[in-house]
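Visitor: In the numbering used here, the protein residues as written are 1264 to 1453. Just so it is clear, CB atoms sit at the ideal spot from N, CA and C, and this is done for glycine as well. These numbers come from a predicted model, not from an experiment.
#1: Output the distance between the C-alpha atoms of residue 1389 and residue 1326, rounded to the nearest integer angstrom.
#2: What are the boundary residues of the beta strand (DSSP E) that includes residue 1529?
#3: Out of 1360, 1295, 1378, 1424, which one is the CA nearest neighbour of residue 1315?
#4: Kindly provide the ranges of any beta strand (DSSP E) runs that are 3 or more residues long and lie completely inside the region 1306-1340, ordered along the chain.
#5: Measuring alpha carbon to alpha carbon, tell me which of 1292, 1398, 1284 ends up nearest residue 1361.
#6: Run the CB neighbour count on residue 1450, radius 10 Å, all protein chains shown included, and call it buried at 16 or more, exposed below.
#7: Round the Cβ separation of residue 1416 and residue 1349 to the nearest angstrom and send it over; I've been treating them as touching at under 8 Å.
#8: Just how far apart, CA to CA, sit residue 1422 and residue 1357?
#9: If you follow the beta strand (DSSP E) that residue 1421 is part of, which residue opens it and which one closes it?
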């Protein structure tokens, strides 16, 4: 497992690196919270009755995919990591970013809720005593350090990532798209 923090990246670059590997993708935004990232207890209708059950967030979904596909590389892709207060969104999961040489988490962290533990145990058919990242789960994140409407990432958080600056490829077909505007019966291509 590995962690990559990309600056100024076109999403196709990540897609090219990952290929068809199992992945979970999310976009951070200013209102994102730890419970959005991990998952939380939410109302659900089961057999016509309103009840509460654990609703997994992108982190929990990626973790389950990794446990269910131990022979494959699995990715959690976070777009715009610094659009949210990343340290607050990660919370205790921050400790999981420290990895051994084999890719497994150096440290484990407690479950934020009994419901998450029960859900993870059921989904993986294992009994987990704490949250740990398996060696096949990697996290890729993108950020734009030049943007003004972003949260700063502290040094302790940043040093746990392998950072790679990737220039924008202005020849990328996605960036060459033309927009046609029809105004007053005439077409204008931008």
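Guide: Concretely, from the data shown:
#1: Each residue's alpha carbon lies about 13 Å from the other.
#2: No answer is possible for residue 1529: it lies beyond the span of the chain, which begins at 1264 and ends at 1453.
#3: It is 1378.
#4: Those beta strand (DSSP E) runs which fall completely within the region 1306-1340 and span 3+ residues are 1312-1319.
#5: When only C-alpha atoms are compared, the closest one is 1398.
#6: So residue 1450 counts as exposed.
#7: At roughly 6 Å, the Cβ-Cβ gap stays under 8 Å, so residue 1416 and residue 1349 are in contact.
#8: Their Cα atoms are separated by approximately 12 Å.
#9: It is not in any beta strand (DSSP E) - residue 1421 instead sits in the alpha helix (DSSP H) that spans 1418-1421.
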